[in-house]
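Residue numbers -21 to -1, 1 to 560, in mature numbering (1 follows the signal peptide of the UniProt record, and there is no 0), belong to the letters of the sequence shown in order. Just so it is clear, CB atoms sit at the ideal spot from N, CA and C, and this is done for glycine as well. Model, not experiment: these values are computed from the prediction. Reading through the structure tokens given below for one structure.
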Amino acid sequence: MHLTLASLLALPFGLLQVVLAVPAPADYAQQHPLDVAALPKQATWKRLSDRIIESIWKDGAHETDKDLPDPFAFRGYDREVVIRFNVSTAEEARSLAEASETLLLDIWGFSQEWVDIRIPKDIVKPMLGLLPSSLQRSYIPLLRERELSEAVRATYLTARNRGPAIKAKDSLDSGSHIHIDQMDKVGATEEDLFFSQYRPLSVLHPWMRFLASIYPGHVQKINIGISAQGRGIPALRVGNSKRPNRETVLIVGGLHAREWISTSTVSYVAYHFVTCYGNSARITALMDQLDFVFVPTLNPDGYAYTWETDRLWRKNRQRTGLRFCQGIDLDRAFSFQWDGDSTTSGNPCSESFAGEQPFEAVEAKALADWAKNETTHNNVTFVGFLDMHSYAQEILYPYSFSCDEKPPGLENLEELAIGIEKAIRSTHGHKYEIMPACEGNVAVNNGFRQSLSPRMEASGGSILDWFYHEMHVRYAYQLKLRDKGLYGFLLPAENIIPTGEEILEAVLYFAEFLGDVYGSGMDVKESTANGKVQNDQGVPKDKDFAFSADDIGDDWVVIDGQAELSMSDLMLSESLRQRQD
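As structure tokens, then:
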């Protein structure tokens, strides 16, 4: 009797058909898509899939449920709301920025047309009194009272137990729809299994060790540094290490702890580069010419805190001068054009606190020191940089600190950004806006740079500007991922795979562009099927691999000295090994 990996993994997922769309604003008052009451008790298929994950990443999977907070013990945001203000004039933007700064409100996201703010319910009326009459009539609730709390609880509940498909009508992004086509397939793969939900550090870090142990020829697990609370900051270096000069693309996620989709997306792209080398001519050609370093989360302390205590925590967990206000914003902590003396950035209680001096944030300094050491001692030249964030669906290029300073090579930055956006849109139809990062920090454009006023949050000291200016990375971008505000930082896990697919296409396009600039070019092109890279024969990379029942025994092995795995638990790792062979 022969079994296929896909058929085995399909058991838990074959019972589920995922259908997801998003309600239009007009439907919002009648139906909010995140309904905690609709989440079922743990089902057989979920227990089975969790058991497989537990078997492979044993040291972390046992902790997943244990470390998750009691759904009613963590910060619940019970009397808070998220409001979207439609901003059309510089006066409106200025008054909104001043009110937010005065009240130390959490600005979730913003574009040139809207600003999303989380605010305690009892502060709404006083805040409206600080705004012009036009703004007092020009706002809608994205998450009403209790809905924010329910959405936060749903994040933790779905981490334990994936709920049923959510059905609704339209998206706030009227030009596109969310397409979910992975989990309803009978032939579910290990990719579908791992990326079916967000993963805590206790699973993510062993998973990274596991990939490096399976593919030692072209994957190396490295450590960027140590966090403020003593956690390692692991990364995966992927590429042909035999090259004397190592042109390198650095891809970083998780600077802001609550942006879980950024961590999952970096992991998803890394997974495909790791597992497709030697099977995909396109990825093989890229990795033979370029190195890729993937850092899923630069902020492990903050990320862990979002799993343990506060789902919407943004900063790191470093101590500040105020005992009751912890944390530094890592994306405001770098040295280039650091503006920590500004009113907001200089307040430890602010969400964008930049520290008392540049590089006070431990994790920011660790990354900068590591990058400089790589160029000085390891023959590394950073040729590309991508910084993953959420949310807004935007592609931002330097500079962030000011729109008055035009970056060298502006035309090339804009040209490449257009290609990246087309690659994203070609996958699932989602549109991303392209603009300089300085414009991404304001709410009003009106078509004239002179009218950009004021900034919704501090923008100096960004990681984007530092790598572009100080490390001379000619092609550096920040990508703000899905969505456009309906879910915000609480994006459902059903979006992990489709977001990963579209960003994978973007990274492939980005790297091929760099290959043309810095090397002989990447002439090998492949078709894709549902966002999946195909190999040279046109077969999707997640093809079935046959196993015999006789191959499953009771012997035990140790991988990387970390977790003991039985042979019956190694089906996933065997499929990865067969790809490599």
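Start-to-end residues for the beta strand (DSSP E) that takes in VAL94: For VAL94, the enclosing beta strand (DSSP E) begins and ends at 93 to 99.
Rounded C-alpha distance that separates HIS448 from HIS235: Rounded to the nearest angstrom, the two C-alpha atoms are 22 Å apart.
Straight-line gap, ILE399 to LEU346 (C-alpha atoms, nearest Å): Distance between ILE399 and LEU346, taken at the CA atoms: about 25 Å.
Endpoints, alpha helix (DSSP H) assigned at MET106: Annotation for MET106: the continuous alpha helix (DSSP H) segment containing it runs 103 to 108.
Unbroken stretches of the alpha helix (DSSP H), 4 residues or longer, contained in the stretch 471 to 504: The stretch 471 to 504 contains these whole alpha helix (DSSP H) runs: 475 to 497.
Cβ neighbours of SER430 in the same chain (closer than 6 Å, five flanking residues each side left out): The predicted model places SER430 with a pLDDT of 44, which falls under 50 and marks its position as unreliable, so this point remains unresolved.
Reduced DSSP secondary structure (H/G/I, E/B, other) of ILE240: Secondary structure of ILE240 (DSSP, three-state): helix.
Three or more C-beta pairs below 8 Å linking the stretch 461 to 475 and the stretch 237 to 251: Because the criterion of three Cβ pairs below 8 Å is met, the stretch 461 to 475 and the stretch 237 to 251 touch.
LEU84, DSSP secondary structure in three states: LEU84 falls in the coil class under three-state DSSP.
Simplified DSSP assignment, three categories, for THR285: Of the three classes helix, strand and coil, the one that applies to THR285 here is helix, per DSSP.
Cutoff 6 Å; reference SER74; Cβ partners in own chain excluding five residues on either side: If we look at SER74 and ignore the five residues flanking it on each side, its Cβ neighbours are LEU110 and PRO111.
Residue burial classification, SER220 (beta-carbon count within 10 angstroms, cutoff 16): Burial call: exposed.
Which of helix, strand or coil DSSP assigns to GLN268: Correct three-state label for GLN268: helix.
Exposure of ASP101, with buried meaning 16 or more beta-carbon neighbours within 10 Å: The Cβ neighbour count for ASP101, taken over all protein chains shown within 10 Å, is under 16; the residue is labelled exposed.
Rounded straight-line distance, which links the Cα of GLY108 to that of TYR497: Within the model, the alpha-carbon separation for TYR497 versus GLY108 is close to 56 Å.
Cβ shell of TRP445 (< 6 Å), same chain only, five flanking positions each side left out: By the criterion of a C-beta distance shorter than 6 Å, TRP445 is surrounded in its chain by PHE313 and PHE315, once the five residues flanking it on both sides are discounted.
Contact check, GLY88 vs TYR370, beta carbons under 8 Å: For the 8 Å CB-CB criterion, GLY88 and TYR370 form a contact.
GLU170 versus LEU180, TRP186, LEU84 and PRO179, residue with shortest Cα-Cα distance: The closest CA to that of GLU170, considering only LEU180, TRP186, LEU84 and PRO179, is found on TRP186.
Exposure label - LEU365; buried when at least 16 CB within 10 Å: By the Cβ-count criterion, LEU365 is buried, with 16 or more other Cβ atoms from all chains shown falling within 10 Å of its own Cβ.
Close Cβ partners of ASP280 (< 7 Å) along its chain, the five nearest in sequence each way excluded: Hits under 7 Å: SER206, ALA207, GLN208, ARG210, ASN295 and ARG296.
For GLY211, the residue or residues it bridges with in DSSP: Answer by DSSP bridge pairing, in chain order: ILE205.
Local conformation of ARG132 per DSSP, three classes: Helix at ARG132.
Backbone CA spacing between VAL359 and LEU493 [nearest angstrom]: Their Cα atoms are separated by approximately 15 Å.
Where ILE307 sits in the DSSP three-state scheme: Here ILE307 sits in coil by DSSP.
Residue of THR288, PHE338, LYS401 and ASP270 minimising C-alpha distance to PHE361: In terms of Cα proximity to PHE361, the closest of THR288, PHE338, LYS401 and ASP270 is ASP270.
Cβ shell of GLU92 (< 8 Å), same chain only, five flanking positions each side left out: If we look at GLU92 and ignore the five residues flanking it on each side, its Cβ neighbours are ASN65, VAL66, SER67 and ALA422.
C-alpha gap between VAL(-4) and HIS407, whole angstroms: With a pLDDT of 30 at VAL(-4), under the threshold of 50, the modelled position of this residue cannot be trusted; read the value that follows with caution. Across the structure, VAL(-4) and HIS407 are spaced so that their CA atoms are roughly 16 Å apart.
Simplified DSSP assignment, three categories, for VAL452: Taken through DSSP and simplified to helix, strand or coil, VAL452 comes out as coil.
8 Å Cβ cutoff met for ILE413 and GLU481: Their beta carbons are not under 8 Å apart, which means ILE413 does not touch GLU481 by this criterion.
Rounded separation between residue 600 and LEU229 - CA only: Given that the chain is displayed from residue -21 to residue 560, the structure contains no residue 600 and the question cannot be resolved.
Cβ distance (whole Å) where ASP330 is taken to contact ASP57 below 8 Å: Rather than Asp, the amino acid found at residue 330 in this sequence is Glu. The Cβ separation is near 20 Å, so there is no contact.
Status (buried if at least 16 other CB within 10 Å, exposed otherwise) for PRO337: Under this definition PRO337 is a buried residue.
Beta-carbon proximity list for CYS304, same chain, < 6 Å, skipping 5 on both sides: Cβ neighbours of CYS304 beyond the five flanking positions: PRO327 and CYS328.
Proximal residues to ILE307 (C-beta, below 6 Å), its chain only, five neighbours per side dropped: Here the set comprises LYS294, ASN295, GLN297, PHE332, GLY334 and ALA340.
Whole-angstrom distance between ARG222 and ALA310, CA atom to CA atom: Correcting the residue type first, residue 310 is Asp in the shown sequence and not Ala. Using only the alpha carbons, I get a separation of about 32 Å.
The stretch 458 to 469 contacting the stretch 372 to 391, beta-carbon criterion three pairs below 8 Å: Three or more Cβ pairs drawn from the stretch 458 to 469 and the stretch 372 to 391 lie within less than 8 Å of each other, which places the two stretches in contact.
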